[in-house]
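From first to last, the protein sequence lines are chains V and Y. Heads up: the first sequence runs through residues 10 to 410, numbered per the working numbering. Heads up: the second sequence runs through residues 2 to 282, numbered per the working numbering. All residues carry an ideal CB built from backbone N, CA and C; glycine is no exception.
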Amino acid sequence: MTDLSMQPDAHGMFGRFGGRFVPETLMPLISELQAEYDAARQDSEFQRQLAYFQRDYVGRPSPLYFAERLTEHFGGARIYLKREELNHTGAHKINNCIGQILLAKRMGKTRIIAETGAGMHGVATATVAARFGMPCVVYMGSADIERQQPNVFRMKLLGAEVIPVTTGTGTLKDAMNEALRDWVTNVDDTFYIIGTVAGPHPYPAMVRDFQAVIGRETRTQILEKEGRLPDSLVACIGGGSNAMGLFHPFLGDETVQMIGVEAGGKGVETGLHAASLIGGAPGVLHGNRTYLLQDGDGQIVDAHSISAGLDYPGIGPEHAWLHEQGRVEYVSITDDEALAAFQCCCRQEGIIPALESAHALAEVAKRAPSLPRDHLMVVNLSGRGDKDMMSVAQHLGENVQ
Amino acid sequence: MNAAKENPVNAATRLDACFAALKAEQRPALVTYVTAGDPDFETSLEILQGLPAAGADVIEIGMPFSDPMADGPTIQKAALRALEGGQTMTRTLELVHAFRQQDSQTPLVLMGYYNPIHRYGVARFLADAARAGVDGLIVVDLPPEHDDELCLPAREHGIAFIRLATPTTDAKRLPRVLDNASGFLYCVSVNGITGVRAPDFHDVEGMVGRLRERSRLPVAVGFGIRTAAQAQAIGRFSDAVVVGSALVEAIESAETRHGAVEAVHGLVRELAEGVRRAGNT
Chain V
10 MTDLSMQPDA
20 HGMFGRFGGR
30 FVPETLMPLI
40 SELQAEYDAA
50 RQDSEFQRQL
60 AYFQRDYVGR
70 PSPLYFAERL
80 TEHFGGARIY
90 LKREELNHTG
100 AHKINNCIGQ
110 ILLAKRMGKT
120 RIIAETGAGM
130 HGVATATVAA
140 RFGMPCVVYM
150 GSADIERQQP
160 NVFRMKLLGA
170 EVIPVTTGTG
180 TLKDAMNEAL
190 RDWVTNVDDT
200 FYIIGTVAGP
210 HPYPAMVRDF
220 QAVIGRETRT
230 QILEKEGRLP
240 DSLVACIGGG
250 SNAMGLFHPF
260 LGDETVQMIG
270 VEAGGKGVET
280 GLHAASLIGG
290 APGVLHGNRT
300 YLLQDGDGQI
310 VDAHSISAGL
320 DYPGIGPEHA
330 WLHEQGRVEY
340 VSITDDEALA
350 AFQCCCRQEG
360 IIPALESAHA
370 LAEVAKRAPS
380 LPRDHLMVVN
390 LSGRGDKDMM
400 SVAQHLGENV
410 Q
Chain Y
2 MNAAKENPVN
12 AATRLDACFA
22 ALKAEQRPAL
32 VTYVTAGDPD
42 FETSLEILQG
52 LPAAGADVIE
62 IGMPFSDPMA
72 DGPTIQKAAL
82 RALEGGQTMT
92 RTLELVHAFR
102 QQDSQTPLVL
112 MGYYNPIHRY
122 GVARFLADAA
132 RAGVDGLIVV
142 DLPPEHDDEL
152 CLPAREHGIA
162 FIRLATPTTD
172 AKRLPRVLDN
182 ASGFLYCVSV
192 NGITGVRAPD
202 FHDVEGMVGR
212 LRERSRLPVA
222 VGFGIRTAAQ
232 AQAIGRFSDA
242 VVVGSALVEA
252 IESAETRHGA
262 VEAVHGLVRE
272 LAEGVRRAGN
282 T
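Structure below.
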């Protein structure tokens, strides 16, 4: 059997997915980044610094919380929440940002750029850039700026420059195009902190490794609490970094079932969704081959989701590969289902989840009731929902102004 | 289509013949870029058909893509105009075929991104492109690391794969870039995207010199070249000068279809004088 945890190969390929589909200008830099990352992984001082910031700055380990009321509510599986929303800046994104900025520093880069959708990766990047004293530019689609105002202000407070992207549809894919254009132009001094397990090699593997702390902690914590591994893991997927972080340390454990939840928007059958695996086809975008939402001519199609963080027409290449291997099951959840789960989590557990994470919770709502009471299910609560107050209020017809 | 009729000059040799002829004339080539179907199919064809007479030696045609990450605002907008006008890969190959009906000599290169080709299917694309009369490909997001994808299969069809060398391509990497390169080398004059920064002549001359030491292929310089004076200056030390965004802007700012055709051909005539002056010094 293929060792699922030993990917990608030397060319950055997960099977036929991944790779380095970038302009020549970026190739030397990407090769250098890969060499530097390989060295950092073996460097105990780098690992010590990473552990220090994860503990004292981010607040790790994040708790694995037994969601007693949700468990009772659904009346089936024992539900645990991995509390990534308690991290500094309110989501899992900072796990990766801390790792990448330490690399940037190691490489002597002096300027940080990032793309952001919901703004959580932008906030996390602005945060670490402030902490390490580097100027930071965040590209954000103009449509996302509209629906995520609090995060835009947060980034500005942290000293980042937020550049609205009006090209294309003004969402995450356009922000990523613009960040790549910046990078190609300022290749000498700039480090691009990609926020998800996508982009050219080594990003998908590197971001996964920085996020895998989620799965490693979960493993230790569930063994402490239950004395055995979980039966299933559930996580939402835009690009797929929180899911990959949770799943990866368990890939070799055949008894652990994994479910990745894509954003179904108004329903995959309507065409208005962000479910790349279920509703897309293989293609090449943003440096990697993966499943993409595209038309018959290979033009990228807009993604649709209530959640800005899942509103991306692609998915990390490792997910595309795990999908084809059948190791992870991928499903989709609609906007309405996510909203219902969002409210349920608020009322049952007193935890306001991010709309992204609410997609994972909605899948739990579908599965948990029919599972036996000894089924251990871990859900990645990847972010908190403070940023979503305005859009949720709008969808629920409330006026909070 | 009648392959026998247009057969006398086969694909890769159309580029070779062009550069050989210009070498005899002792002047650099003018390479012009416009996006296929910008602003619409008919106007685009009319623009292409008049380019050789206006002084273009090699024609680059952009394959529109929704997410052109190496292009500046001008070419991004051109791609969107073309796509909104119904341009597709099939239509782009039809455009090439229509051009070839009237012109069997001028080398024609398709430029763009991999995904539309990937979606069309590499084998089918290469067969159709060869049949339509395409001589070369420039695919921005296919570095040498991915030569198996398209570069090597293209060679089987007699289609050149034109490689980009950039200011970041150092001595260590250059051999990799030159391996499997054919047609000509495209020297990207600046780090960045198309149509924004003006190149520094001195730096570019150094880059061209380094490429010449390692390769016998003709060296074309592009990115940020807009005027006859720049074309002349860069043409003095290169084998070809590529102008794109300036021509696309002429299409964008024209008020009528006829105006777009006239504006592009007018600018190409000026640029052609520039490269001819470069040859006379």
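For residue i, which three-state DSSP category applies?
{"i": "G56/Y", "result": "coil"}
{"i": "Q233/Y", "result": "helix"}
{"i": "I160/Y", "result": "coil"}
{"i": "A182/Y", "result": "coil"}
{"i": "G269/V", "result": "strand"}
{"i": "L23/Y", "result": "helix"}
{"i": "G27/V", "result": "strand"}
{"i": "P173/V", "result": "strand"}
{"i": "T227/V", "result": "helix"}
{"i": "V269/Y", "result": "helix"}
{"i": "L73/V", "result": "strand"}
{"i": "A283/V", "result": "coil"}
{"i": "L31/Y", "result": "strand"}
{"i": "V110/Y", "result": "strand"}
{"i": "T89/Y", "result": "coil"}
{"i": "V243/V", "result": "strand"}
{"i": "T14/Y", "result": "helix"}
{"i": "R356/V", "result": "helix"}
{"i": "M10/V", "result": "Any reading at M10/V needs caution, since the residue's pLDDT is 44, under 50, leaving its predicted position unreliable; the model's value is listed next. Reduced to three states, the DSSP call for M10/V is coil."}
Cβ of residue i within 8 Å of Cβ of residue j?
{"i": "L46/Y", "j": "F100/Y", "result": "yes"}
{"i": "G365/V", "j": "S400/V", "result": "Here residue 365/V turns out to be Glu, not Gly, going by the sequence shown. Not a contact, by the Cβ cut-off of 8 Å."}
{"i": "M70/Y", "j": "L111/Y", "result": "no"}
{"i": "I287/V", "j": "S250/V", "result": "no"}
{"i": "A273/Y", "j": "A264/Y", "result": "no"}
{"i": "L212/Y", "j": "A155/Y", "result": "no"}
{"i": "F83/V", "j": "A377/V", "result": "yes"}
{"i": "G328/V", "j": "S241/V", "result": "The identity of residue 328/V in the sequence shown is His, whereas the question assumes Gly. Cβ distance not < 8 Å, so H328/V and S241/V don't count as in contact."}
{"i": "E338/V", "j": "A371/V", "result": "no"}
{"i": "A284/V", "j": "V293/V", "result": "no"}
{"i": "A49/V", "j": "R115/V", "result": "yes"}
{"i": "H295/V", "j": "E146/Y", "result": "no"}
{"i": "G193/Y", "j": "A230/Y", "result": "no"}
Let me check understanding here. Comparing Cα to Cα, which of the options lies closest to residue i?
{"i": "T175/V", "options": "Q308/V, Q157/V, G236/V and D153/V", "result": "D153/V"}
{"i": "R382/V", "options": "G273/V, G85/V and E170/V", "result": "G85/V"}
{"i": "M185/V", "options": "H332/V, K118/V, M149/V and V222/V", "result": "M149/V"}
{"i": "A128/V", "options": "K396/V, I361/V and Q403/V", "result": "The question names Ala, but residue 128/V in the sequence shown is Gly. Closest option to G128/V, Cα to Cα, is K396/V."}
{"i": "M386/V", "options": "V277/V, L281/V, A369/V and N96/V", "result": "A369/V"}
{"i": "P37/V", "options": "I361/V, R25/V, I121/V and D197/V", "result": "D197/V"}
{"i": "R393/V", "options": "H404/V, E358/V and Q403/V", "result": "E358/V"}
{"i": "D39/Y", "options": "Q231/Y, A241/Y, T75/Y and A130/Y", "result": "T75/Y"}
{"i": "N105/V", "options": "D345/V, N297/V, T119/V and I223/V", "result": "I223/V"}
{"i": "M143/V", "options": "R163/V, Q158/V and K118/V", "result": "K118/V"}
{"i": "R237/Y", "options": "G280/Y, P200/Y and V243/Y", "result": "G280/Y"}
{"i": "Q158/V", "options": "G177/V, F141/V and V132/V", "result": "V132/V"}
{"i": "Y66/V", "options": "R87/V, N96/V and P72/V", "result": "N96/V"}
{"i": "G137/Y", "options": "R120/Y, R277/Y, P200/Y and P108/Y", "result": "P108/Y"}
{"i": "F66/Y", "options": "L81/Y, A55/Y and G56/Y", "result": "L81/Y"}
{"i": "G325/V", "options": "G204/V, V243/V, S316/V and K165/V", "result": "G204/V"}
Taking residue i as part of the alpha helix (DSSP H), name the residues at either end of that continuous run.
{"i": "S151/V", "result": "S151 to R156"}
{"i": "Y61/V", "result": "S53 to F62"}
{"i": "M1/V", "result": "Outside the modelled stretch of chain V, which goes from 10 to 410, sits residue 1/V, for which no answer is possible."}
{"i": "I252/Y", "result": "S246 to S254"}
{"i": "A133/V", "result": "M129 to R140"}
{"i": "F200/V", "result": "Note, F200/V: premise wrong, no alpha helix (DSSP H); beta strand (DSSP E) at T199 to Y201."}
What residues of chain V sit near residue i, judged by a beta carbon separation below 7 Å?
{"i": "Y121/Y", "result": "G307"}
{"i": "A71/Y", "result": "P32 and V193"}
{"i": "P144/Y", "result": "R29, V31, E33 and M36"}
So residue i is in the beta strand (DSSP E); what residue range does that whole segment cover?
{"i": "G85/V", "result": "Run containing G85/V: none; DSSP gives neither H nor E here."}
{"i": "T299/V", "result": "G296 to L301"}
{"i": "E333/V", "result": "From DSSP, E333/V is part of no beta strand (DSSP E) but of the alpha helix (DSSP H) over P326 to Q334."}
Which chain Y residues are close to residue i, counting only those with a beta carbon under 8 Å from its beta carbon?
{"i": "G17/V", "result": "The amino acid at residue 17/V is misidentified as Gly; the sequence shows Pro. Those do not exist, as P17/V stays about 13 Å from chain Y at its closest Cβ, beyond 8 Å."}
{"i": "Q303/V", "result": "N116 and R120"}
Going along chain V, which residues have a C-beta under 9 Å from residue i?
{"i": "F66/Y", "result": "G307, Q308 and I309"}
Chain B partners of residue i, CB-CB under 7 Å?
{"i": "P53/Y", "result": "Absent from the structure: chain B. Protein chains present are V and Y."}
Report the neighbours of residue i on chain Y: residues whose CB is nearer than 7 Å to its CB, in chain order.
{"i": "K182/V", "result": "D68"}
{"i": "M116/V", "result": "What M116/V touches in chain Y: nothing, since even the nearest Cβ is about 15 Å away."}
In chain V, what lies closer than 8 Å to residue i by C-beta?
{"i": "H147/Y", "result": "G28, R29 and F30"}
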